[in-house]
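Since the structure comes first, as structure tokens, the remarks are kept for the end.
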Amino acid sequence: MSTTPDNTLLTEYSVFSKPLLSHLSKLGIQTLQDLLLHLPLRYIDETHITSIRDLRLGEAAQIQGEIVHSEVIYKPRKALIAQIQDASGQLTLRFLHFYPSQIKMLAMGTHLRIYGEVRHGFLGYEMVHPQCKTV
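Numbering (numbering that gives the first Met the number 0) for the sequence shown: 0 to 134.
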């Protein structure tokens with residue numbers, strides 16, 4: 000038995016039902032190799048970290064840096080605002096709906112990995128409700 004995926008058609012395997020094969024065919028998956036290399040629709044590549052300087056408006060990106068400022072503002076409406084910095088620049092993070100645990104996570108000096116869509120805000124580039132992970 001071969002240990003590498005081959006181009007054998009999925010129809011040759013008895014584990015796949017006809018309705019499943021039909022659905023996979025609509026996705027363009029015909030062989031075992033196609034199935035193994037298929038990526039989900041909203042796949043996030045967490046292996047690539049973009050510097051803040053290289054961010055582009057409208058594109059989703061992952062950055063890593065340190066929180067240098069964090070505060071809850073109340074005007075015009077309640078929001079949690081944080082500034083994250085890496086070696087190339089700063090970016091604003093904005094949370095309109097947040098929990099006390101998020102305030103603690105975004106404390107100054109915390110190192111985070113952030114994923115979200117870059118927008119133009121009042122203070123330059125920002126991400127609204129990005130995904131955050133402590134590093």
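Built from N, CA and C at the ideal position, the CB exists for glycine as well.
Model, not experiment: these values are computed from the prediction.
Same chain only: Cβ atoms within 7 Å of residue i, ignoring 5 sequence neighbours per side
i      : result
Ala81  : Ile66, His68, Ser69, Leu92, Leu105
Ala201 : As shown, the chain starts at 0 and ends at 134. That puts residue 201 outside it, with no answer to give.
Gln29  : Leu8, Leu9
Nearest-angstrom Cα separation, counted from residue j out to residue i
i      : j      : result
Ser13  : Lys132 : 42 Å
Ile102 : Thr46  : 26 Å
Leu56  : Gly88  : 15 Å
Asn6   : Arg41  : 26 Å
Asp85  : Gln63  : 7 Å
His110 : Glu11  : 50 Å
Pro75  : Leu36  : 47 Å
Glu58  : Leu8   : 37 Å
Lys77  : Gly120 : 16 Å
Gly108 : Pro18  : 53 Å
His135 : Leu79  : Here the chain comprises residues numbered 0 to 134, so residue 135 is not present and cannot be evaluated.
Leu34  : Ser21  : 13 Å
Own chain partners of residue i with C-beta closer than 6 Å, once the 5 adjacent residues on each side are dropped
i      : result
Gly115 : Met126, Pro129
Leu90  : Ile51, Ile83, Tyr124
According to DSSP, residues forming a beta bridge with residue i
i      : result
Arg118 : Glu125
Pro69  : Correcting the residue type first, residue 69 is Ser in the shown sequence and not Pro. Paired residues: Ala81.
Leu111 : Gly64, Thr133
Gln89  : Gln84
Buried or exposed by the 16-neighbour rule on C-beta atoms within 10 Å, applied to residue i
i      : result
Ile113 : buried
Ile72  : exposed
Arg94  : According to the sequence shown, residue 94 is Phe rather than Arg. Burial call: buried.
Proximal residues to residue i (C-beta, below 8 Å), its chain only, five neighbours per side dropped
i     : result
Leu26 : His37
(request) Could you name each continuous beta strand (DSSP E) segment of 3 residues or more that falls completely within the stretch 21-54, going from the start of the chain to the end? (result) Runs found: none.
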